[in-house]
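Participant:
In my numbering, the protein residues as written are 149 to 288.
(1) Within 7 angstroms: the Cβ of residue 243 and any heavy atom of the ligand ADP?
(2) When we look at the beta-carbon of residue 243 and count the other beta-carbons within 10 Å, is it buried (16 or more) or exposed?
(3) State the Cα-Cα distance for the pair residue 151 and residue 226, rounded to the nearest angstrom.
(4) Only counting the same chain, and skipping five residues up and downstream in sequence, which positions put a Cβ closer than 7 angstroms to that of residue 204?
(5) Under three-state DSSP, which class holds residue 277?
(6) Taking only runs that begin and end inside the segment 153-191, name each unbroken alpha helix (DSSP H) of 4 or more residues, in chain order.
(7) Consult DSSP for residue 267 and reduce its assignment to one of helix, strand or coil.
(8) Kindly list the residues whose CB is nearer than 6 angstroms to the CB of residue 163, restricted to its own chain and excluding five residues on each side of it in sequence; keep chain order.
(9) Give me the residue from 256, 280, 266 with the minimum Cα distance to residue 286.
(10) Per the contact definition of three or more C-beta pairs closer than 8 angstroms, is the segment 191-198 in contact with the segment 247-262?
(11) Only counting runs of 3 or more residues, tell me where the beta strand (DSSP E) segments fall wholly within the segment 210-250, in order along the chain.
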């Protein structure tokens with residue numbers, strides 16, 4: 149079994165949902181050395197998240213942002229953790245709801261995503277900055 153691991157710093161993204169599949173594939177060529185295995189993508193932050201969904205129509209990502217903001221509004225009166233700004237506590241909750249990791253099968257040296265699937269970064273802060281991922285690929 150082969151195991152490869154790399155930390156990847158993404159460029160800063162504005163608040164919203166962003167396709168990052170290309171960033172991962174372009175910066176982790178070791179995936180190509182695995183015939184059959186898995187890739188785990190882990191984000192090292194508590195105010196951003198990861199998920200897999202539609203990779204073609206950008207309105208899906210806009211709808212994700214709209215829905216997540218309706219689900220966890222910034223003006224929720226009962227938040228106590230507010231000293232880092234009104235977007236901070238909602239960002240923590242969204243990170244827990246969406247999750248901080250995804251796993252994708254690797255087949256014949258490529259991510260085995262569906263035709264319309266891509267990996268999303270959910271940036272839940274107004275000014276989140278560079279986000280760090282840990283990419284771990286294993287298999288034979």
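Where is the CB? At the ideal position from N, CA and C, for every residue including glycine.
Facilitator: In short:
(1) Here there are no bound small molecules, and the ligand ADP is not part of this structure.
(2) Locating residue 243 in the chain shown gives position 95, counting from the first residue. Its Cβ being crowded by 16 or more others within 10 Å, residue 243 is buried.
(3) Residue numbering aside, residue 151 sits at position 3 when the chain shown is read from its first letter. Residue numbering aside, residue 226 sits at position 78 when the chain shown is read from its first letter. So the alpha carbons of these two residues sit roughly 45 angstroms apart.
(4) Here residue 204 refers to the residue found at position 56 when the chain shown is read from its first residue. Cβ contact annotation for residue 204 (same chain, cutoff 7 angstroms, sequence separation greater than five): 264, in chain order.
(5) Here residue 277 corresponds to residue number 129 of the chain shown, with the count starting at 1. Coil, per DSSP.
(6) Qualifying alpha helix (DSSP H) stretches, in chain order: 169-175.
(7) Along the chain shown, one-based indexing puts residue 267 at 119. Under the three-state reduction of DSSP, residue 267 is assigned to strand.
(8) Taking the first residue of the chain shown as 1, we reach residue 163 at position 15. So the list reads 271, 274, once near-sequence residues are dropped.
(9) For the purposes of this step, residue 286 is taken as residue 138 along the chain shown, with counting starting at 1. Per the Cα distances, 256.
(10) These segments touch.
(11) Positions of the beta strand (DSSP E) runs, each at least 3 residues long and wholly inside the segment 210-250, cannot be given because no such run exists.
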